[in-house]
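Novice:
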Amino acid sequence: MNEGDDCMRNRIEQLDSIRGLAAVTVVFGHILLVSEIPVLSAMTSIYSPLSIITNGHSAVMMFFLLSGFVLSLPFLKGRNIPYGAFIIKRFFRIYIPYVCSIISAIVLYSLISGGGITSLSEWFNISWNDPITVKSIVEHLLLIGNFNSDLYNNVIWSLIHEMRISILFPLLAILLVKFNWKIVVGMCIGLSVISGMNSLIPIDPSIGYRTSYMESIHFISIFLIGGLIAKHREALQNIYNNFSRKMKWLLILVGFILYTYSGFVGLIGSALGLSVYYDIIKDYTSVAGAAIFLVFALGSKKASFVLLYKPIKVLGKLSYSLYLYHLIVLFSLIYILHEVLSLGLIYIMTLIISIILSALSYRFIEVSSITIGRNLTSKSQKNLIEGSVVQKSNPVEHI
1 MNEGDDCMRN
11 RIEQLDSIRG
21 LAAVTVVFGH
31 ILLVSEIPVL
41 SAMTSIYSPL
51 SIITNGHSAV
61 MMFFLLSGFV
71 LSLPFLKGRN
81 IPYGAFIIKR
91 FFRIYIPYVC
101 SIISAIVLYS
111 LISGGGITSL
121 SEWFNISWND
131 PITVKSIVEH
141 LLLIGNFNSD
151 LYNNVIWSLI
161 HEMRISILFP
171 LLAILLVKFN
181 WKIVVGMCIG
191 LSVISGMNSL
201 IPIDPSIGYR
211 TSYMESIHFI
221 SIFLIGGLIA
231 KHREALQNIY
241 NNFSRKMKWL
251 LILVGFILYT
261 YSGFVGLIGS
271 ALGLSVYYDI
281 IKDYTSVAGA
291 AIFLVFALGS
301 KKASFVLLYK
311 PIKVLGKLSY
321 SLYLYHLIVL
331 FSLIYILHEV
341 LSLGLIYIMT
351 LIISIILSAL
361 SYRFIEVSSI
371 TIGRNLTSKS
381 QKNLIEGSVV
391 QKSNPVEHI
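In full-length UniProt numbering, the protein residues as written are 1 to 399.
#1: Which one of I222, N153 and L142 has the shortest CA to CA distance from I106?
#2: Determine the burial state of K178: buried for a count of at least 16 other Cβ atoms within 10 Å of its Cβ, exposed for fewer.
#3: Cα separation between V60 and F293?
#4: Which of the three DSSP states is assigned to I109 in this structure?
#5: Beta-carbon within less than 8 angstroms of D204's beta-carbon, same chain only, minus the 5 sequence neighbours each way: which residues are those?
#6: Any idea what DSSP makes of N154, helix, strand or coil?
#7: To the nearest angstrom, how far is it from the Cα of G84 to the Cα of L360?
#8: Does the separation of the CB atoms of G196 and V276 fall below 7 angstroms?
#9: Use the C-beta contact count for E36: other C-beta atoms within 10 angstroms, 16 or more gives buried, fewer gives exposed.
#10: Measure the C-alpha to C-alpha separation of I87 and G29 and round it to an integer number of angstroms.
#11: Cα separation between G227 and I217?
#12: Give every residue of the same chain whose Cβ lies closer than 7 angstroms to the Cβ of L73, excluding the five residues on either side of it in the sequence, and list them in chain order.
#13: Take residue 400 and list the residues in its own chain whose beta-carbon comes closer than 8 angstroms to its own, dropping the five residues that flank it on each side.
#14: Considering only residues of the stretch 143 to 212, which uninterrupted alpha helix (DSSP H) runs meet the minimum length of 4 residues and lie entirely inside it, listed in chain order?
#15: Within a Cβ cutoff of 6 angstroms, which residues of the same chain sit near A288, ignoring the five residues on either side of it in sequence?
#16: Tell me which residues share the same chain as I81 and place their Cβ nearer than 8 angstroms to its Cβ, disregarding the 5 neighbours each side in the sequence.
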């Protein structure tokens, strides 16, 4: 591995750390939604700077941006990646850990759910409150359809889009490679405008939380923006490094404001008559802030030092499993213990158990699944190369 590759590997580790920190904010955000706590709600409202630690929406936009960044890298390097190999790797990276988690959620739901707790929030009672059906199980196993994603583990709405867009990503990568950033940004805006029309003319209404195919059309734009950051990362790093110290701090402040106050910006858009595009305005505001954070992570040595701190790196590794399992743990503990322990203690237990479970899931499910996917694609590519060699050496046999 040359020096440039080693540097890029370190940068990817930093981005994994960002994913880990974002996953933690999703956990905090969901804990806050369980029950109305006036003091905490005020401290983390959309007007409070502290809402960055509970802003699950911006965290998911960060996930999409990071996925676009990482998935585009091999294509931008000019590697010839067979479509089948790409899909197999994504399947084993996303789907297998997901299936393990959703089976766990369904089993625990069937065993311990009490059909809702009236003293808790509407958000809490949306999940684990409807009968388990064969139809819903099949929909969850297929993952890519438009279905009620709130039934068993409501975080999966984002994975629906991850899987759909992964299927298309090799085609999207062609756009990133062939066209300049202005054309790609124009495409992104066009896709989002088309997607937003679904609110005016409900061609494909979401059955779950933002699960329609029209939503995926919009989220493609965020993956593409992540790809653009990857494509122009060196130029963006140089621009950042040429800024004065004051300008760097100002840029970070702008990123913080955009990332933290995306909901407020969405409300401003609605007040200006763009209520149809509320979610899209909110998404793009979060993405703008997230993009600034990514450039900061790529260009700042101080940011690198913090993000490569071992506990944060560990969070990065556990981020996917933490995202998958924290709600399952939270709901299970609440149903089992809400009459015995305070919610505060249950929340602390949720954090501890979720991290432990995530570590086990990462070690025994994620790593194994990734390894299987890598081995399968390595064998298929090896066979393809060997077949090509045979064909060239024995051309008559294949006429």
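Yeah, the Cβ is synthetic: ideal placement off N, Cα and C, and Gly gets one too.
Since the model is a prediction, treat every value here as computed from it, not as a measurement.
Specialist: According to the structure shown:
#1: Measuring from the Cα of I106, the nearest candidate turns out to be N153.
#2: Classification for K178: exposed.
#3: The alpha-carbon of V60 is positioned some 14 angstroms away from that of F293.
#4: Per the sequence presented here, residue 109 reads as Tyr, with Ile not at that position. Helix.
#5: N146, N198, S212, Y213 and M214, listed in sequence order.
#6: The answer is helix: DSSP assigns N154 an H, G or I state.
#7: Those two C-alpha atoms are separated by around 29 angstroms.
#8: Yes. Within cutoff.
#9: So E36 counts as exposed.
#10: Straight-line Cα distance between these residues: approximately 32 angstroms.
#11: Using only the alpha carbons, I get a separation of about 16 angstroms.
#12: Spatial neighbours of L73 in its own chain (CB-CB distance under 7 angstroms, excluding positions within 5 residues in sequence) are listed in chain order as A230.
#13: No statement about residue 400 is possible, as the shown extent of the chain runs from 1 to 399 and does not include it.
#14: For the stretch 143 to 212, whole alpha helix (DSSP H) runs of length 4 or above, ordered along the chain, are 157 to 178 and 181 to 200.
#15: The answer, listed in chain order, is L258.
#16: Result list for I81: P74, F75 and P170, in chain order.
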